[in-house]
Amino acid sequence: MNLRALKGPAVAAAALLFMVAAGCTDTTVQPKSTVTGANIFNDPSSYQEFLARVYAGLAVSGQQGPAGAPDIQGIDEGFSQYLRLYWECEELPTDEAIIGWNDVGLPEMNTQTWTAASTMVVAMYYRIYVQAEMANEFLRQTTADALAGRGNVSPTLKAQIQQYRAEARFLRALSYWNGIDLFGSIPLVTENDPVGGPPPKQATRVDLYNYVVSELNAIKDSLPLPGAGTYGRATQPAAEMLLAELYLNAGVYTGTPDYANALTAAEAVIGSGYYSIDPSYRHLFEADNNTSPEIIFPIEQDGNVTQTWGGVTFLSHGGCGGSMSASDYGIDYCWGGQRLKAQADSFYITTADHAAGDLRNSYFYYTGQNLANTTRGNFQDGIAAPKFSNKTSTGGTGSNATFVDTDFPLFRLGEAYLIYAEAFLRGGGGTQAQALTYVNDLRARAYNDAVGDSTGYITAAQLTLPFILAERGRELLWEAHRRTDLIRYGLFTGGTYLWEWKGENPNGTNAAGIATDAHFDLYPLPQSELIANPNLTQNLGY
Amino acid sequence: MKRARFIIGALLGAFWLVPLQAQQTTGTVRGRVTDAATEQALTGVVVSVGNHRAVSSTDGRYVITDVPEGTDSVRARMIGYAPASAPVTVAAGETAVVDLTLTQRAVELSAIVAVGYGEQRAGDITGAVANITPEQFNTGRIISPQQLIESKIAGVQVVDNNAPGGGLAVRIRGATSVNASSDPLYVIDGMPVGTGAGGGLSAGRDPLNFLNPDDIASITVLKDASAAAIYGANAANGVVIITTKKGGRHGPQIEYSVSASSSSITRVPSVLSAAQFRTAVTHDDSITLTLNRAAMLGSASTDWFNMVDRTAYGQQHDLVVSGSGESSTYRVSAGYLNEQGVIRGSGTERLSLGVNYDQHLLNDNLDVKLNARGARTYDTFQAGDVLGNAVSMAPTQPVYDPNNTTGFGTGYWDWNTTAASASNPVASLNLATDHGTTYRSVGNLEADYHLPFLHALRANVNVGYDVTQADRQTFIPNNLAGQTRQGHGQLSLANNSQANTVLAAYLNYAAPLGFVPGRVDVTGGYSYSQSHAEYPYLSENNLASNLLGTNGVPSCTAGGCLQNGKTVNDSKLISFFGRLNYNLLDRYLVALSVRRDGSSRFGPNNAWGVFPSVAVAWRLSQESFLRDVRQISDLKLRASYAETGNQNFADYSQYPTYTYSNPQAQYQFGGVTVPTIRPSSVDPNIKWEQTNSYDIGLDYGLFNQRISGAIDWYNKKTSDLIFPYTPAAGTNFSNRVTTNIGAMKNTGIELSLSARVLQGTGNHLSWTADFTASHNTNTLTSISAAGGATTTTDPTSGVSGGVGTYIQVLQTGQPIHAFYVCEQYFDPTTHKPVEGEYVSLADTIAHACDAQSLRPDHNPAPNWIFGHTSSFTYGNFDLSFTLRAYLGNYVYNNVASSNGFYQAVSNGGSPSNMSTSVLQTGFVVPQYLSSFYLENGSFLRMDNLTLGYSFNYRGQPMRAYLTVQNVFTITGYSGVDPTAGLNGIDNNIYPRSRTVTGGLSIRL
């Protein structure tokens, strides 16, 4: 072969190659195995999937169950789950619960000694805003203009999306309620604030309260009515229930109580007729509690399709330890975490309004457990209270021993009864007879009274505000209401009511409890948030 | 286009400086080249007269024909030797004989060193560049190429991974990034290859393992940014150029080398013996424990580490056939390596093949090179947490349980409990499997063409590929004790693949300038690279059967227990680059380069970036005032400035993406299970990290290079560091947005000194000694959001123990990943640490380790790294050793912190063994963040000791050697290894081994 003959063509080919290549200057590469904002809504089912995600924001910790692709970072993913954080914020600093683990940010939750850098406090704050931003984005992506622009939304779907929008606003209101309750004055971010925009301004607690109340009143008629296809979704009674919670605590949130509206909202829930008291108290906390007629708004869990290391998986596994057998609760493993502070056990034992027949503590586990929390790190110091079980009401086991099927009853009819009674006692209207009936309905179930029997009934004279607080402690134990209740009663901080470890150094040895400063009634805004958002002023005392 | 043609024409016109020569009569020059000291013939010496050149053959002889009449000089050069020249007068039709002798040089000023897109004389280099050749390589059992240069170059830190073939990290002048890779760019025969995010497809193993160290001819490290800047957006961490061996100018030649090695473990975590454990469980009344576990104690005495480690054997064979044709050279190599790990179950086996072919065509004007190599690597990993369980399994329990009394039926003893508990590490070693097979091949075809009408102008086109296919198969049977509690068996199968292609083309013009004094070397080019990767996986738990192992997917016994998925990643990098080197009188050197890179990893606004560099050097030794100072053979002052980038992080960061839930994170929407979609937080304006670097250096050589070395000072400022920061709540979809947020600084000095202390030859002792010292200070100078707000603290580096426990921090004013601990309070009388008591920031005693006490304290990077190599030869014997020392590196002893507390024997489902640190601390509950566990990891280690004997067998050179790696380590650190990875966290890291290797290499 004559190589020289190749010279010309070779040079030409090389030159051509070079020039063609040098013409390639397009650097764009579109993602292939991920969807982007540009094409996600080409699929009409995305609207439902997006709204489902806003709901799931309360139930999972990220896009991979049980962990992976987390929503928030800077914290272990299991710890970052919304319900788990909310539960810890509402229960651990109170007289109801203590957890022995030494994970960063956890010990101080037991003792009201948190700071603006405490991990759980910080994570809770961000959870609220991630949830609000998800709802905001859903609302931005489903405006009439946005839908019209896509051209692939059928009229039926459009109507459906209107309902979805109301549900998203409910979920945003729910999280802002948590924000008002836990943190006080925080920014209000709505769908009108752009993603990646400037740091939002701080709203006052009153402004935020008014916004949330007006939102709920505006949307409640657009929400679905309870019925087929609404379990786990925000319904009209769910909005009323959330309003009842807000009105009940209006005095705390705004300085101006509003018990009359609290009573009206509770009545609206009760009178809606969609719910009834579950004949079995235990059924409310079991793997098949989705069949309970009492639950108004659950945070759904499922052993196979909705897995998390937080949520009720945490509540069931964490409440199990010591000499308990995991399989008795339908789970594979005891984590040895939370149990009762001594005061919580006494709701059932030492108070005058309690009789031995109250079965609401039937699940307490005493074997090998000491009443006193002498050592915080020792699971057997403190009575165990495995309230949330992965067993079904018929004795079966949930679908997965690691991840429970048990939903969390965030709002249930029983609480509406207690709100009515308390609002009545606080001058919100209604009648004593009705209040007493509601309370005794719950007591009748608690004492497993036969028809016509009244073992557990209280008298009109016994229906007092202190009774309601104790009764809420019994009825709603570990259902993430306790901190809010104690604050409403003025007992959460200060020295009027002490409980184990209150105000103590978490690593100390004196479990008796000391008075705490009133600024602990609010959690601090995260240290990192004060840096990221210069518009913010820290809560007093931090 | 017209304009471009005009410019090209004008450029070519300007370079048209070489006068066309008239036909002349010619003669021949021939002779012999020998080593001045040994008087042995030298092969492969390039001898030239004018533009004519030849290469000396095996007997040292060369012949140059067609040399034009007249007086000229004959020049000879070869790597490792000083160039020599001699005058010659050529007469038409006659043969002139010129013999030349070359003198060996330690640091070779005229050696040709590979730089990006070309090569340069060492003496002309204006940047901080280190070139290491096989004579200087580390020896012994070397699995990954990076190990060859460990401790050899000032400013280059090779971060150990003790597992056989384990992933190594290389840090050149400190880390420049937090989240993106800080590993250098590797360029193999001109072909940039992916490592970290791009090439690390086999978890836990080094991506360069496909490259047989025996095939490497040189490793050049472009340390300073001006040298690396020609690689623009990939250059911020420095560049490592690996050149593979080519065939020599000789007849067919076969080389075979073989080695066998034996490794043993040097140090394991210090845990309680069976007797100590018994005392802790039964007798220690001073400690209040939850449960009395005496009944669970057991009567055996088992040293669990003794059960999981072994004396590991290894062998390696390399066969090379090389030679040359009339105008070609070739080298074909095959290698086999099998190395066991000192922990049972781990090991690596490699079969590698390599081909280098070099063909000269068209009157030597066209040089075509083919380099291709590939390997199949089969890795086995110890399955399950073998090391962690060897620490925490009770030493009073037996290994075997022939009667299966614990009910698992495995034949191994295990705790029968439903609560958290250590598991028998021998059971998982023997019953579980974890292995991976990686095929990787990298190759390129390079054509280099000297234009016939203008010899000084050459065009180079290089087309390369990098293909990897890596699978990983893990199987953990459902009857292992831990699995009976949670998981119920695990199967995971991944089959990752990646294909990268690169096209690079450049024009180079190198010639003296006609119109002004000096010599220029101009390069301009273009490169296009693209990458496609796929990551399919399958994982399953709740296995219905153990019978299939990794060969099948059994049905599973719970819902949602089978998961699979696939990710596809594509990326592109398009670049234009140019470089101008100007050499005036061999005294004044200037180098300018610029690269413009377009990356698919950034949005349209930031896709393109420009990375310029400038460097100047002054060879004082060539100045008249120093030329006569005979003691100074080289003195060169260098200064440079460059901007480089780092784009080595995840694809698609600029896109607002939605993530689908996996089947386990769906939600029941009114009774119907629906998958969910989540928008991801995004900054669409994300762009590369940029490093601006200054370097001032001095190269020196004394006494005819008998002593030589370099001193460098550098300052690197990296801005637009990419890592997740916390935006104002409510402004994005997460509490973290990954964007350009930080800035950091690395400042340091490097010293190197090479001395031929004794220069004896033959039966006289010769001794060369190399010293390197480097000092780097890293500081995170700012973390600043777009709004201007500065965030200060973000914990990083989760550690074992507790949940969400972070031991390091990113804080302004501190080195990145500074340890973040609470200062332990010690009792002033007993000098024992007081449990749960710390010195707060206000200098009071705090009773909790929280924000009032947490503080940054030391960091894992050493302040100083020293390296020393001494090589002796005496007669046929050679002896060398390499020492390494770190000063000021800190290590967090996570094994002690997460196992050193008395509750370990009472909590959980079973008593767990403890770190012996508990005997010092007496801690009852874990104190993860106590500064007690943060230890100074400074050490002195003899990495390598080699004794060799060279001899001739039937006229062919042979060498036998014995190498000991990791001869000794002197350190105050109490854990397993003071070089505990990049982050300095000793969390059940693979123990270091001592390896003795004996080998023989022969040539036929």
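Here the protein sequences come in this chain order: A and B. One gets the working numbering by counting positions in the first sequence from 1 and adding 7 to each. One gets the working numbering by counting positions in the second sequence from 1 and adding 11 to each. We treat Cβ as the ideally placed atom computed from N, Cα and C, and that holds for glycine.
Quick one: using the 10 Å Cβ neighbour count with 16 as the cut-off for buried, is I1017(B) buried or exposed? With chain B running from 12 to 1015 in the structure shown, residue 1017(B) is simply not present.
Does any C-beta atom of chain B lie closer than 8 angstroms to the C-beta of F321(A)? Working through the first sequence from its first residue, we reach residue 321(A) at position 314. No, no contact with chain B.
Give the DSSP bridge partners of E545(B), in chain order. In the second sequence, counting from the first residue as 1, residue 545(B) sits at position 534. For E545(B), which the question treats as bridged, DSSP gives the partners S508(B), V579(B).
Can you say whether Q32(B) is buried or exposed, counting buried as having 16 or more other CB atoms within 10 angstroms of its CB? The residue given as residue 32(B) occupies position 21 in the second sequence. Unreliable positioning characterises Q32(B) in this predicted model, as indicated by a pLDDT of 39, which lies under 50. The coordinate reading is nonetheless provided below. Q32(B) is exposed by the Cβ-count criterion.
Chain B partners of A76(A), CB-CB under 7 angstroms? By 1-based counting over the first sequence, the position of residue 76(A) is 69. The contacting residues are T670.
For G510(A) and G236(A), the rounded distance between their alpha carbons: Within the first sequence, the letter at position 229 stands for residue 236(A). Within the first sequence, the letter at position 503 stands for residue 510(A). Taking the straight line joining both Cα atoms gives about 46 angstroms.
Here's a check: name, in chain order, each residue in its chain whose Cβ is nearer than 7 angstroms to the Cβ of R496(B), leaving out the five neighbours to either side. One-based indexing of the second sequence puts residue 496(B) at position 485. If we look at R496(B) and ignore the five residues flanking it on each side, its Cβ neighbours are T429.
List, in chain order, every chain A residue whose beta-carbon is nearer than 7 angstroms to that of I827(B). Here the question's residue 827(B) lines up with position 816 in the second sequence. Those do not exist, as I827(B) stays about 17 angstroms from chain A at its closest Cβ, beyond 7 angstroms.
Among D723(B), N887(B), N874(B), L940(B), which residue has its Cα nearest to the Cα of N904(B)? Locating residue 904(B) in the second sequence gives position 893, counting from the first residue. Answer by Cα proximity: L940(B).
Label K39(A) either buried or exposed according to how many other C-beta atoms from any shown protein chain fall within 10 Å of its C-beta, with 16 as the threshold for buried. As a position in the first sequence, residue 39(A) is number 32, starting the count at 1. By the neighbour-count rule (16 or more Cβ atoms within 10 Å), K39(A) is not buried but exposed.
Over what stretch of residues does the beta strand (DSSP E) that includes I1000(B) continue unbroken? Position 989 of the second sequence, counted from the first residue, corresponds to residue 1000(B). No beta strand (DSSP E) holds I1000(B); DSSP gives it neither H nor E.
Alpha carbon to alpha carbon, how far is L865(B) from N715(B)? Give it in angstroms, no decimals. Translated into positions along the second sequence, residue 715(B) becomes position 704. Translated into positions along the second sequence, residue 865(B) becomes position 854. Those two C-alpha atoms are separated by around 56 angstroms.
Exposed unless 16 or more other CB atoms sit within 10 angstroms - verdict on F145(A): To locate residue 145(A), count along the first sequence from 1; it is residue 138. When all chains shown are included, F145(A) counts as buried.
Three or more C-beta pairs under 8 angstroms: does that hold for the stretch 674-689 of chain B against the stretch 266-284 of chain B? no
Local conformation of C327(A) per DSSP, three classes: Taking the first sequence and counting its residues from 1, one reaches residue 327(A) at position 320. It is coil, neither helix nor strand.
Distance between T391(B) and G210(B) (C-alpha atoms, nearest Å): The residue labelled residue 210(B) in the question sits at position 199 within the second sequence. The residue labelled residue 391(B) in the question sits at position 380 within the second sequence. At G210(B), the pLDDT of 44 sits below 50, so the modelled position is not reliable; the number obtained from the coordinates is stated separately. Distance between the alpha carbons of G210(B) and T391(B) is about 19 angstroms.
Kindly indicate the opening and closing residues of the beta strand (DSSP E) around M969(B). What you label residue 969(B) is simply residue 958 of the second sequence in a count that begins at 1. Run containing M969(B): 967-982, per the beta strand (DSSP E) assignment.
Return no unless some Cβ of chain A is closer than 8 angstroms to the Cβ of H1043(B). Because chain B is modelled from 12 through 1015, residue 1043(B) falls outside the range shown and cannot be assessed.
Show which residues of chain A have a CB atom less than 9 angstroms away from the CB atom of R483(B). Here the question's residue 483(B) lines up with position 472 in the second sequence. Those do not exist, as R483(B) stays about 18 angstroms from chain A at its closest Cβ, beyond 9 angstroms.
Grouping DSSP H, G and I as helix and E and B as strand, with all else coil, what is W315(B)? In the second sequence, counting from the first residue as 1, residue 315(B) sits at position 304. W315(B) falls in the helix class under three-state DSSP.
Do you know how far the Cα of T37(B) is from the Cα of A103(B)? For the purposes of this step, residue 103(B) is identified with residue 92 of the second sequence, where counting begins at 1. For the purposes of this step, residue 37(B) is identified with residue 26 of the second sequence, where counting begins at 1. If you take the alpha carbons of A103(B) and T37(B), they lie about 5 angstroms apart.
In angstroms, rounded to a whole number, what distance separates the CA positions of N870(B) and G986(B)? Within the second sequence, residue 870(B) is the residue found at index 859, counting from 1. Within the second sequence, residue 986(B) is the residue found at index 975, counting from 1. Approximately 17 angstroms between the Cα atoms of the pair.
I want to verify the contact list: residues of chain A whose CB lies under 9 angstroms from the CB of G609(B), in sequence order. If you number the second sequence from 1, residue 609(B) lands on position 598. Those within 9 angstroms of G609(B) in chain A are T32, D33, T34.
Which of the three DSSP states is assigned to Q209(A) in this structure? Counting from one through the first sequence, the residue named residue 209(A) turns up at place 202. The answer is strand: DSSP assigns Q209(A) an E or B state.
Please return the same chain residues whose Cβ sits closer than 6 angstroms to the Cβ of V1042(B), not counting the five positions on each side in sequence. Outside the displayed range of chain B (12 to 1015) lies residue 1042(B), so it cannot be described from this structure.
Start-to-end residues for the alpha helix (DSSP H) that takes in R168(A): Within the first sequence, numbered from 1, the residue matching residue 168(A) stands at position 161. According to the sequence as given, residue 168(A) is Ile; it is not Arg. Segment 162-190, the alpha helix (DSSP H) holding I168(A).
Euclidean distance between Cα positions of R1003(B) and L890(B): Within the second sequence, residue 1003(B) is the residue found at index 992, counting from 1. Within the second sequence, residue 890(B) is the residue found at index 879, counting from 1. If I take the Cα positions, the gap works out to 24 angstroms.
Report, in whole angstroms, the separation of the C-beta atoms of M755(B) and D477(B), which I expect to be a contact under 8 angstroms. The sequence position of residue 755(B) within the second sequence is 744, counting from 1. The sequence position of residue 477(B) within the second sequence is 466, counting from 1. Actually they do not touch by this definition, with Cβ atoms about 30 angstroms apart.
Candidates D50(A), V196(A), E507(A): closest to Q138(A) by CA position: The count along the first sequence starts at 1 and reaches residue 138(A) at position 131. Of the candidates D50(A), V196(A), E507(A), the one whose C-alpha sits nearest the C-alpha of Q138(A) is V196(A).
Pull the bridge partners of Q604(B) from the DSSP assignment, please. Counting from 1 along the second sequence, the entry for residue 604(B) is found at position 593. The sequence shown places Ser at residue 604(B), rather than the Gln named in the question. S604(B) pairs with R590(B), S624(B).
Is the distance from the Cβ of Q5(A) to the Cβ of I193(A) below 8 angstroms? Here chain A has residues from 8 to 549 only, and residue 5(A) is not among them.
Along chain B, in chain order, which residues have C-beta atoms closer than 9 angstroms to that of I79(A)? Residue mapping note: residue 79(A) aligns to position 72 of the first sequence, counting from 1. Those are S745, N746, R747, listed as they occur along chain B.
Minimum Cβ-Cβ distance from D838(B) to chain A less than 8 angstroms: Position 827 of the second sequence, counting from 1, holds the residue named residue 838(B). For D838(B), the answer is no, since every Cβ of chain A falls outside 8 angstroms of its Cβ.
What separation, rounded to the nearest whole angstrom, lies between the Cα atoms of V118(B) and A521(B)? Here residue 118(B) refers to the residue found at position 107 of the second sequence. Here residue 521(B) refers to the residue found at position 510 of the second sequence. Residue confidence for V118(B) is low, a pLDDT of 44 falling below 50, so the modelled location carries little weight and cannot support an answer.
Range covered by the beta strand (DSSP E) that runs through N792(B): For the purposes of this step, residue 792(B) is identified with residue 781 of the second sequence, where counting begins at 1. The residue asked about is misnamed: residue 792(B) is Thr in this sequence, not Asn. Its beta strand (DSSP E) spans residues 777-794.
How about the stretch 406-420 of chain A and the stretch 463-470 of chain A: do they share at least three Cβ pairs that are nearer than 8 angstroms? no
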